[in-house]
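Student: Going letter by letter, the sequence shown gives residues 35 to 330 in the working numbering. Mind looking over this structure? Questions follow.
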Amino acid sequence: MKILVFGSFNIDKVYSLPHLPERGETLYCGGYEIHVGGKGLNQALAFSKAGADVSVGGKIGKDGRFLTDYLQKCGIDIGDIDHTGEFTGHTIIETDPDGQNQMILFGGANREITPEYCDKLLSKYSDADLILTQYETSCVEYILERAHSMGIKTALNPSPYVDEIKNLELGKADILILNEFEGKSIAGGDTDEETAKALYDLGSKEIILTLGSRGAVYYNGSEYVKCPAFSVRAVDTTGAGDTFTGYCLYELLKGEKPLKAMMTGCAASALEVTKHGAAETIPDREAVEKFLKENE
Ligand code: RIB
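Here it is, written out as structure tokens:
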């Protein structure tokens, strides 16, 4: 099985603040850092660190070479990236001392992806393969629809949530991985179980709903499984969902049971949130296995 992560590549500009700003408030920041990021990049890295052979698709600008250099250094196939964008996407990330954050996203080259590019990319894949995507680029609906019609297994992380996601045919995604807020916004539900089941009714075969510090739940039409989170001191939650997505999905593809897959995802994201940053703080497999043993 070939694995394609189609998604966003962002330059993350991270500002450490004493607290998240109020409306109209000016704050001095205690630290400024530039990191590689974007949900596509982060999820590709997490998938790869979990153990998968991953190729990426997406678009960057002239200022984004360091992103693809980083991915290549990590063993990810970057051969299909389109480098002809004007500006690479970037994210302004404000973090507070409790690890909470808020973001401003500039789409840049991520939003210039065309159907022609998607067709060329997909022509290298078949019904034996998997594509994972998110909602930070243009053409998400197009690529999902095309991949689905070619019989390629599809996984969607519909993040970040925007109202137009409700108009997507979510059943074109075999696997839906999303957080509580996204799940409730899309399908409603008063409890985790109700939300997971309402999402399932929209057509995907497997639903994985992440619940932050409460863990995650899984539903596939017959089996409803809960997985508690590990308790850690979070300093920066940026990238936690991407880390979970890559690790959990890899485990499911390997044939692991949903509980084991979610536990591995939760362990990886628990480790990720204990450090500042997103992509660079995704733990490697060895660290995740060690953490799981220590927290059995
Ligand atoms: O999920 C975290 C990512 O969201 C960050 O790396 C940022 O670029 C935004 O895309």
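Ideal placement from N, C-alpha and C gives every residue a C-beta, glycine not left out.
(1) Which residue wins for smallest C-alpha separation from I165, given the options L202, K291, C63 and L283?
(2) Can the beta-carbon of G142 be found less than 7 Å from the beta-carbon of F121?
(3) Short check: CB of N213 to CB of T279, under 7 Å?
(4) In the DSSP output, which residue or residues are listed as bridge partners for M137?
(5) Assuming V90 and H69 form a contact by the criterion Cβ under 8 Å, report the distance between their Cβ atoms to the nearest whole angstrom.
(6) Sorry if obvious, but does the Cβ on T272 come closer than 6 Å to a heavy atom of the ligand RIB?
(7) Which runs of the beta strand (DSSP E) at least 3 residues long sit entirely within the segment 188 to 268? Give them in chain order.
(8) Measuring only from the beta carbon, is A230 closer than 6 Å to any heavy atom that is part of the ligand RIB?
(9) Quick one: any contact between the segment 59 to 66 and the segment 76 to 93, if contact means 3 or more CB pairs under 8 Å?
(10) Would you say the beta carbon of E44 is closer than 6 Å to some non-hydrogen atom of the ligand RIB?
(11) Excluding five sequence neighbours on each side, which residues of the same chain lie with their C-beta closer than 6 Å to the C-beta of K218?
(12) Would the segment 290 to 303 and the segment 244 to 252 be scored as touching if the rule is three or more Cβ pairs under 8 Å?
(13) Quick check: is any heavy atom of the ligand RIB less than 6 Å from the C-beta of G71?
(14) Using only the alpha-carbon positions, how far apart do L38 and K327 sit?
(15) Terminal residues of the continuous alpha helix (DSSP H) containing F81?
(16) Which ranges does the beta strand (DSSP E) cover as unbroken runs of at least 3 residues, wholly within the segment 273 to 299, from first to last along the chain?
(17) Pull up the CB-CB distance for G275 and T244, whole angstroms please, since I reckon it's below 8 Å.
(18) Just tell me which of H310, E146 and T298 has its CA closest to the CA of D270.
(19) Is D161 close to the ligand RIB? I mean its beta-carbon at under 6 Å from any heavy atom of the ligand.
(20) Hey, is D276 close to the ligand RIB, as in C-beta under 6 Å from one of its heavy atoms?
(21) Using 6 Å as the cut-off, classify the Cβ of A331 as near or not near the heavy atoms of the ligand RIB, replying yes or no.
(22) Enumerate in chain order the residues of its own chain whose CB-to-CB distance from H182 is below 7 Å, with the five nearest sequence positions on each side excluded.
(23) With DSSP run on the structure shown, which of helix, strand or coil describes I177?
(24) Within 10 angstroms of its Cβ, does Y281 collect 16 or more other Cβ (buried), or is it exposed?
(25) Is DSSP giving G91 helix, strand or coil here?
(26) Tell me which residues share the same chain as A313 and place their Cβ nearer than 7 Å to its Cβ, disregarding the 5 neighbours each side in the sequence.
(27) Should I186 be flagged as near chain D, meaning a C-beta pair shorter than 7 Å?
Tutor: With the given structure in hand:
(1) L283
(2) yes
(3) no
(4) I127
(5) Not a contact, Cβ separation roughly 17 Å.
(6) yes
(7) 209 to 213, 240 to 244, 250 to 253 and 258 to 261
(8) no
(9) no
(10) The identity of residue 44 in the sequence shown is Asn, whereas the question assumes Glu. Yes, since a heavy atom of the ligand RIB falls inside the 6 Å radius drawn around the Cβ of N44.
(11) T229
(12) yes
(13) yes
(14) 30 Å
(15) K73 to A84
(16) none
(17) 6 Å
(18) H310
(19) no
(20) yes
(21) The structure shown does not extend to residue 331, since the chain is modelled only from 35 to 330, so the question has no answer here.
(22) T188 and K206
(23) helix
(24) buried
(25) strand
(26) H69, V70, G71, L75, N76, L79 and G273
(27) No chain D is present in this structure, which holds just one protein chain.
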